[in-house]
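Visitor: Dropping a structure here in structure tokens format, bear with me for questions.
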Amino acid sequence: MSMAMMSLRGMILQLLKLELHNIGPRNLAIQRYRVLSVEDNKYIDEYQRDQLEKVIIVQQDKASSTQFTVVLREAWYNTQCTPDSYVHVFGRFDSNKRCIINNAENILVIHPDHLVSATVVADSFGCVRRAVLQDRVKATGAASPPMLFGNLLHEIFQEALKRNRWDINTTTSILQDIVPRHFETLAELNMNMNQLKEQLIPKMLEMEAWAAIFVQKNPARDAVVESRGGRKNIMSINKLLDVEEHVWSPNYGLKGNIDATVQVTMDEDGQRKTLTVPLELKTGKRVNEAHQAQTALYTLLISDRYDLDVTDGVLYYLEGSKTLRVKAIRHELIHMIMKRNELAGYIRERITLPPMLQPGQQRLCNGCYAQTSCYLYHTLSEDGDGSLIDKKEPFEKLVSDLKPSHSKFFKNWDSLITKEESEMMKFRRELWTMLSLEREKVNRCFTNVVIVPDTTVDDKQSNSKINRYQYAFEKKTFKAGFSFRESQITTGEPIVVSDEQGHFALANGYVTNVSKHRIHIAVDRRLHNARRRKSGFCSQNNQTFSGIMEVEPQSSTLKENPLEEPILYRIDKDEFSNGMAAVRNNILQIMDDSVFKARDLHWRAGLTCHCSVFSPNSILKQWSTWSTSIVCAQTSCL
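UniProt numbering numbers the first residue of the sequence shown as 1 and each following residue consecutively.
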């Protein structure tokens with residue numbers, strides 16, 4: 001390996017695990033710093049030139065009065081950081097309580113409690129406004145055949161990978177099992193099962209051929225993955241750790257749903273390595289830089305979830321059977337973190353949107369899934385007249401009937417939703433900035449609980465993902481006078497399960513039963529035997545974990561080891577399970593008069609937004625009242 005590559009690898013490892021002094025047990029609560037002041041300054045670089053730097057004075061997010069200095073240089077200088085905001089610092093403070101962040105070392109994450117989707121970050125390189133709207137509104141657009149095919153192929157791929165059975169009979173059977181979950185979309189598209197099979201069977205045969213090459217115990221000669229620059233390696237996927245892994249990383253301020261987390265064996269520079277990597281499936285054939293950015297960001301999430309340095313991802317394009325190796329390169333990841341910081345600024349403030357693309361640069365606007373919400377915001381919130389839009393016809397068709405009263409109505413509701421989101425965020429950040437013991441004292445958490453042996457239920461026949469796995473928990477050490485019944489967490493309450501080592505949102509679900517000594521829950525993710533390191537584990541070249549599928553297993557990979565200490569979990573009340581993005585999207589849909597003439601129904605009901613005093617949940621009460629009035633108005637039209 002060349003010195004340049006060794007240096008590059010060193011920088012990557014530094015990025016992915018900068019807090020080397022915390023390699024042991026992770027911090028139970030994440031350290032945040034509150035920004036006190038931001039000033040520009042100058043320094044002399046290594047070439048004796050004057051350069052600008054940004055000096056940020058921060059304070060620990062506790063009662064401590066100790067102040068620290070964060071210095072932003074080079075590409076980091078342009079980071080927009082404001083007083084009274086919070087930041088997360090990757091790096092050590094020296095004896096002078098000073099940390100320098102530059103292109104070579106250390107990272108600053110601003111507004112880290114706002115978890116931005118890795119998909120949104122990757123999408124923002126084309127259009128920042130579209131990415132922010134995706135986070136704010138969750139715009140989805142109308143159902144389409146490509147969208148349906150893509151969703152079905154993802155589910156088929158994941159289930160076939162779990163079973164390691166790829167023959168056409170198995171994948172067809174999987175298709176028949178999952179289709180009932182998509183009947184509504186099929187009806188909307190006026191499509192039947194035969195038409196569906198006609199479209200999907202050729203793709204399923206492609207999967208079978210791909211798996212015959214890549215899903216093997218050891219790499220075959222033709223199992224070639226390509227990297228940028230034309231470099232090629234041979235690789236095999238020999239274990240599946242998880243599918244659709246939902247990861248929250250409050251360290252990086254990121255979140256994501258990873259198609260599959262897999263163990264691969266790869267030959268490189270005469271050495272065979274076993275690595276844990278994210279595997280991302282794309283059902284199209286066009287290689288997209290945003291896809292590679294998304295996969296690279298997933299390496300950060302997997303690093304955080306599995307406590308190891310993940311420097312590779314795998315990107316599989318189904319159509320064309322192209323398999324790419326995505327390297328996590330420091331300067332590219334730094335650029336993505338900076339973009340994430342930019343998005344977080346817009347998402348946190350929620351006052352303005354990024355500007356629209358300039359005239360002459362609006363090629364991406366054609367067929368954009370966020371076009372409706374973009375145009376409606378431009379008219380209703382920004383008082384725009386469309387003068388900056390290249391193609392006027394779709395814009396004018398959408399907004400031609402909107403009046404100032406519509407704009408006033410929308411602004412009022414958008415403001416209320418924003419206030420509600422701010423209240424919800426206060427509870428969200430508690431999950432990782434408060435110790436579980438502190439949250440337990442205010443009855444919003446159960447700390448230091450363990451899974452009761454022999455109580456786990458895996459309902460494979462369940463059509464609902466949210467309640468497939470059922471667990472009973474009890475206190476590791478039961479204290480006299482304690483009762484699970486004396487809490488805000490009651491039967492039917494939404495909950496989020498984390499562990500006491502700083503891995504958050506391992507599963508989401510709800511409480512099914514509460515007794516004095518036990519609490520029963522149903523969740524969407526497997527908790528038992530997850531993220532357990534196997535014997536012989538080496539963080540550099542043998543990253544082996546227990547999995548849910550293993551090619552040619554020597555023994556059951558899911559078998560419990562009775563000698564291992566049980567994992568300590570925490571169960572938190574999920575006070576932010578229902579986000580406001582769906583509510584905001586409903587408001588926009590009402591402004592789009594093509595949707596059931598809802599805007600006209602609103603005015604028939606004579607509704608306005610009255611909320612002189614804001615309190616948490618007030619918007620939900622108003623929304624319920626308003627929805628009832630809309631239904632009454634609609635009924636009167638029949």
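Using N, Cα and C, we set each Cβ at its ideal position, and we do this for glycine too.
With a threshold of 16 other CB atoms inside 10 Å of the CB of methionine 193, please say whether the residue is buried or exposed.
Guide: Along the sequence shown, one-based indexing puts residue 193 at 193. Methionine 193 comes out exposed.
Visitor: Among Val496, Phe537, Arg532, which residue has its Cα nearest to the Cα of aspartate 524?
Guide: On the sequence shown, residue 524 is found 524 positions in, with the first residue counted as 1. Residue Val496 is the option with its Cα nearest to aspartate 524.
Visitor: Within 10 Å of its beta-carbon, does threonine 491 have 16 or more other beta-carbons around it, so buried, or fewer, so exposed?
Guide: Residue 491 sits at position 491 when you count from the first residue of the sequence shown. Exposed, because fewer than 16 other Cβ atoms sit within 10 Å of the Cβ of threonine 491.
Visitor: Assuming leucine 357 and serine 124 form a contact by the criterion Cβ under 8 Å, report the distance between their Cβ atoms to the nearest whole angstrom.
Guide: Numbered from its first residue, the sequence shown carries residue 357 at position 357. Numbered from its first residue, the sequence shown carries residue 124 at position 124. About 12 Å separates the two Cβ atoms, so there is no contact after all.
Visitor: Consult DSSP for asparagine 513 and reduce its assignment to one of helix, strand or coil.
Guide: Taking the first residue of the sequence shown as 1, we reach residue 513 at position 513. Strand, per DSSP.
Visitor: Quick check: what's the CA-CA separation for lysine 103 versus isoleucine 329?
Guide: Start at 1 with the first residue of the sequence shown, and residue 103 comes out as number 103. Start at 1 with the first residue of the sequence shown, and residue 329 comes out as number 329. According to the sequence displayed, residue 103 carries asparagine and not lysine. Between asparagine 103 and isoleucine 329, the C-alpha separation is close to 12 Å.
Visitor: If I measure Cβ to Cβ from valine 137 and keep anything under 8 Å in the same chain, skipping five residues before and after, which residues do I get?
Guide: Counting from one through the sequence shown, the residue named residue 137 turns up at place 137. Cβ contact annotation for valine 137 (same chain, cutoff 8 Å, sequence separation greater than five): Ala370, Ser373, Ala581, Arg584, Asn585, Leu588, in chain order.
Visitor: Within its chain, find whatever has a CB closer than 7 Å to the CB of valine 132; leave out the 5 residues flanking it on each side and keep chain order.
Guide: Translated into positions along the sequence shown, residue 132 becomes position 132. For valine 132, where only same-chain residues beyond five positions count, the Cβ hits under 7 Å are Leu343, Tyr346, Ile347, Leu353, Pro354.
Visitor: Taking isoleucine 495 as part of the beta strand (DSSP E), name the residues at either end of that continuous run.
Guide: By one-based count along the sequence shown, residue 495 stands at place 495. Counting along the chain, the beta strand (DSSP E) containing isoleucine 495 begins and ends at 494-499.
Visitor: Are the C-beta atoms of valine 442 and some chain D residue less than 8 Å apart?
Guide: Among the chains in the structure shown there is no chain D, since it carries only a single protein chain.
Visitor: Identify whether histidine 503 lies in helix, strand or coil by the three-state DSSP scheme.
Guide: For the purposes of this step, residue 503 is taken as residue 503 along the sequence shown, with counting starting at 1. In the structure shown, histidine 503 sits in coil (DSSP, three-state: anything other than H, G, I, E or B).
Visitor: CB valine 38 to CB threonine 82, shorter than 8 Å?
Guide: By one-based count along the sequence shown, residue 38 stands at place 38. By one-based count along the sequence shown, residue 82 stands at place 82. Yes, these two residues count as a Cβ contact at 8 Å.
Visitor: Using the Cβ count rule (16 or more neighbours within 10 Å means buried), how would you classify phenylalanine 537?
Guide: In the sequence shown, counting from the first residue as 1, residue 537 sits at position 537. Under this definition phenylalanine 537 is an exposed residue.
Visitor: Could you round the C-beta distance between valine 310 and valine 264 to whole angstroms and report it? I think they count as a contact, below 8 Å.
Guide: On the sequence shown, position 310 is the one that residue 310 refers to. On the sequence shown, position 264 is the one that residue 264 refers to. About 11 Å separates the two Cβ atoms, so there is no contact after all.
Visitor: Count Cβ pairs between the segment 141-157 and the segment 178-189 that sit closer than 8 Å; are there 3 or more?
Guide: Yes, the segment 141-157 touches the segment 178-189.
Visitor: I'd like to know if the segment 68-76 and the segment 94-103 are in contact, where contact means that at least 3 CB-CB pairs between them fall below 8 Å.
Guide: yes
Visitor: To which residues of the same chain is methionine 591 closer than 8 Å at the C-beta, ignoring the five residues directly before and after it?
Guide: As a working mapping, residue 591 is identified with position 591 in the sequence shown. So the qualifying residues of the chain are Leu376, Leu380, Leu402, His406, Phe410, Arg599.
Visitor: Could you check the C-alpha separation between asparagine 366 and aspartate 383 for me, to the nearest Å?
Guide: Taking the sequence shown and counting its residues from 1, one reaches residue 366 at position 366. Taking the sequence shown and counting its residues from 1, one reaches residue 383 at position 383. Rounded to the nearest angstrom, the two C-alpha atoms are 22 Å apart.
Visitor: If you compare alpha carbons, which of Lys475, Glu159, Cys127 is closest to isoleucine 178?
Guide: Within the sequence shown, residue 178 is the residue found at index 178, counting from 1. Nearest of Lys475, Glu159, Cys127 to isoleucine 178, Cα basis: Glu159.
Visitor: Bridge partners for asparagine 508 per DSSP, in chain order?
Guide: Position 508 of the sequence shown, counting from 1, holds the residue named residue 508. Beta-bridge pairing links asparagine 508 to Val496.
Visitor: What separation, rounded to the nearest whole angstrom, lies between the Cα atoms of isoleucine 351 and histidine 88?
Guide: As a first step, residue 351 must be located in the sequence shown, where it is residue number 351. As a first step, residue 88 must be located in the sequence shown, where it is residue number 88. Using only the alpha carbons, I get a separation of about 23 Å.
Visitor: On the criterion of 16 or more Cβ atoms from any shown chain inside 10 Å, does valine 442 qualify as buried, or is it exposed?
Guide: In the sequence shown, the residue the question calls residue 442 occupies position 442. With fewer than 16 other Cβ atoms within 10 Å, it is exposed.
Visitor: Out of Leu36, Val35, Tyr33, Leu52, point me to the one whose CA is closest to lysine 42's CA.
Guide: Taking the first residue of the sequence shown as 1, we reach residue 42 at position 42. Closest in C-alpha terms to lysine 42, from the list Leu36, Val35, Tyr33, Leu52, comes Leu52.
Visitor: Over what stretch of residues does the beta strand (DSSP E) that includes threonine 261 continue unbroken?
Guide: In the sequence shown, the residue the question calls residue 261 occupies position 261. Under the DSSP assignment, threonine 261 falls in the beta strand (DSSP E) whose first and last residues are 254-268.
Visitor: Between Tyr510, His378, Thr79, which has its C-alpha nearest aspartate 40's C-alpha?
Guide: In the sequence shown, counting from the first residue as 1, residue 40 sits at position 40. Looking at the Cα atoms, Thr79 is the closest of the given residues.
Visitor: Can you give the Cα-Cα distance for lysine 408 and threonine 418, rounded to whole angstroms?
Guide: As a working mapping, residue 408 is identified with position 408 in the sequence shown. As a working mapping, residue 418 is identified with position 418 in the sequence shown. If you take the alpha carbons of lysine 408 and threonine 418, they lie about 15 Å apart.
Visitor: Would you list the one or two residues that DSSP bridges to cysteine 538?
Guide: For the purposes of this step, residue 538 is identified with residue 538 of the sequence shown, where counting begins at 1. For cysteine 538, which the question treats as bridged, DSSP gives the partners Asn542.
Visitor: What residue range is occupied by the uninterrupted beta strand (DSSP E) comprising threonine 283?
Guide: By 1-based counting over the sequence shown, the position of residue 283 is 283. For threonine 283, there is no enclosing beta strand (DSSP E), as DSSP marks it with neither H nor E.
Visitor: Tell whether a beta-carbon distance below 8 Å holds between arginine 506 and tyrosine 469.
Guide: Working through the sequence shown from its first residue, we reach residue 506 at position 506. Working through the sequence shown from its first residue, we reach residue 469 at position 469. In the sequence as displayed, the identity of residue 506 is leucine instead of arginine. Contact flag unset, no.
Visitor: Am I right that arginine 272 and cysteine 445 are in contact with their C-beta atoms under 8 Å? What's the rounded C-beta distance?
Guide: The residue labelled residue 272 in the question sits at position 272 within the sequence shown. The residue labelled residue 445 in the question sits at position 445 within the sequence shown. Incorrect: roughly 44 Å between the Cβ atoms, too far for contact.
Visitor: For leucine 36, which option in Asn341, Gln60, Tyr47 has the closest C-alpha, if you only look at C-alpha atoms?
Guide: Mapped onto the sequence shown, residue 36 falls at position 36. Checked all of Asn341, Gln60, Tyr47; the closest Cα to leucine 36 is Gln60.
Visitor: Of all the options Thr456, His503, Ala480, Thr477, which has the alpha carbon lying nearest to the alpha carbon of leucine 431?
Guide: Counted from its first residue, the sequence shown places residue 431 at position 431. The option with the nearest alpha carbon to leucine 431 is His503.
Visitor: Go ahead and label arginine 340 buried or exposed: buried means 16 or more other beta carbons lie within 10 angstroms of its beta carbon, across all protein chains shown.
Guide: Along the sequence shown, one-based indexing puts residue 340 at 340. With 16 or more other Cβ atoms within 10 Å, it is buried.
Visitor: Put glutamate 39 into one of helix, strand or coil per three-state DSSP.
Guide: Within the sequence shown, the letter at position 39 stands for residue 39. In this structure, glutamate 39 counts as strand in the three-state DSSP scheme.
Visitor: Just to confirm the assignment, what range does the alpha helix (DSSP H) spanning alanine 581 have?
Guide: Your numbering for residue 581 matches position 581 in the sequence shown. Where alanine 581 is concerned, the enclosing alpha helix (DSSP H) stretches over 581-591.
Visitor: Where asparagine 233 and glutamate 493 are concerned, what is the direct C-alpha to C-alpha distance, given to the nearest angstrom?
Guide: Mapped onto the sequence shown, residue 233 falls at position 233. Mapped onto the sequence shown, residue 493 falls at position 493. Taking the straight line from one Cα to the other gives about 49 Å.
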